[in-house]
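S.K.: A single structure is presented below for examination.
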Amino acid sequence: MARARVGLTQAELAEAAGVTRKTISSIENGHYVPSTHLALLLARELDT
378 MARARVGLTQ AELAEAAGVT RKTISSIENG HYVPSTHLAL LLARELDT
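Written out as structure tokens, the structure is:
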């Protein structure tokens, strides 16, 4: 998982992206498909 590889917690990634930790969890578990804007923010934070 990209988040773990860069050493971020769900809470840290959520704060950096301006969303809740629950949103990050839902994305990781396949229960939520992020918008293009959010996906790009997450990619930038994860440097992927």
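The working numbering applies: residue 378 is where the sequence shown begins, and numbers increase by one. Glycine included, each C-beta is placed from N, C-alpha and C at the ideal position. Quantities reported herein were computed from a predicted structural model and do not represent experimental measurements.
(1) Among the residues of its own chain, which have a CB less than 7 Å from the CB of Thr425, if the five just before and after it don't count?
(2) Looking only at its chain, what residues have a beta carbon closer than 8 Å to the beta carbon of Val396, apart from the 5 residues adjacent to it on each side?
(3) What residue range is occupied by the uninterrupted alpha helix (DSSP H) comprising His414?
M.R.: Working from what's here:
(1) Position 48 of the sequence shown, counted from the first residue, corresponds to residue 425. Ala379.
(2) As a first step, residue 396 must be located in the sequence shown, where it is residue number 19. Leu415, listed in sequence order.
(3) On the sequence shown, position 37 is the one that residue 414 refers to. For His414, the enclosing alpha helix (DSSP H) has its first and last residue at 413-423.
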